[in-house]
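Residue numbers (our numbering): 2 to 139.
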């Protein structure tokens, strides 16, 4: 399980928005410069974040992006799932059933993978964007 570049860049960009939320919409160009990420790549990232309802685009000369909700109400899990899909150590623990393993009833390691997936989800769902912004201010 490895978070992709899209997930890492998206999380960094969301922290950038959280740190600057009081200044109004932040242009993608500014986020790209500050985070040293290509603007065309960030456009793809922000399309996914916007589709997930995590950011809002503001048009116009003073436009840019804002968080759709307060940073304290957005979890790291929401951000990563919007950009990556489910964050799992192995496919067989996905709840959708689409990757159901025929060995699940007698697999020696399934309980371990299931527990690990739960712990990962616990950390991601209990960590908010505000938590990361607060750490960045230190």
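Backbone N, C-alpha and C define an ideal beta-carbon position, used for all residues, glycine too.
Residues near residue i by beta carbon distance below 8 Å, same chain, minus five either side
i	result
residue 35	17
residue 68	15, 18, 19, 22, 55, 56, 57, 75, 130
residue 63	25, 26
residue 150	Any answer about residue 150 is impossible in this case: the structure gives the chain only from 2 up to 139.
Residues that residue i bridges to, as DSSP identifies them
i	result
residue 1	Residue 1 falls outside the range modelled here, since the chain spans only 2 to 139, and no answer is possible.
Endpoints, alpha helix (DSSP H) assigned at residue i
i	result
residue 126	111-127
residue 20	6-20
residue 138	130-138
Residue i CB to nearest heavy atom of the ligand HEM below 6 Å
i	result
residue 109	Only the bare structure without any ligand can be found here, which leaves the ligand HEM out of the picture.
Residues of its chain near residue i, where Cβ-Cβ distance is below 7 Å and the 5 sequence neighbours each way are ignored
i	result
residue 94	114, 115, 118
residue 33	39, 40, 43
Unbroken beta strand (DSSP E) runs of length 3 or more, entirely within the stretch 38-84: which are they? 56-59, 65-68
Cβ contact (3+ pairs, closer than 8 Å) linking the stretch 38-45 and the stretch 99-115: no
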